[in-house]
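Undergrad: So for the sequence shown, my numbering puts the first residue at 130; every next one is plus one. By construction, the Cβ of each residue, glycine as well, lies at the ideal position given by its N, Cα and C atoms. A single structure is presented below for examination.
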Amino acid sequence: MIYRRIRNLREDADLTQSEFSSYLHISQRAYSHYENGTRDIPTDILIKIADYYNVSIDYLLNRTDKK
């Protein structure tokens, strides 16, 4: 699953999907689709996620193991 890392980062931060989706200003359901890979994550949301966890977008997309 390509977006496994966003779930792992969220869980490591002890956040629920609802809590993190509030930070992103999206619904919990939309965020769930992103974590499950059933919808592509828009670029602006990817940037917010990367900034929040201080990681690269390439790391989120499994293009590198370097955060």
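1. Assign residue 142 to one of three DSSP states: helix, strand, or coil.
2. If residue 185 and residue 172 are in contact, beta carbons under 8 Å, what's the gap, nearest whole angstrom?
3. Just the Cα atoms here: how many angstroms apart are residue 219 and residue 170?
4. Can you tell me where the alpha helix (DSSP H) with residue 162 in it begins and where it stops?
5. So, at 6 Å on beta carbons, what are the nonlocal neighbours of residue 134 in its own chain, with the 5 sequence-adjacent residues on each side left out?
TA: Straight from the coordinates:
1. coil
2. Incorrect: roughly 14 Å between the Cβ atoms, too far for contact.
3. Since the first residue shown for the chain is 130 and the last is 196, residue 219 is missing from the structure and cannot be characterised.
4. 157-165
5. 189
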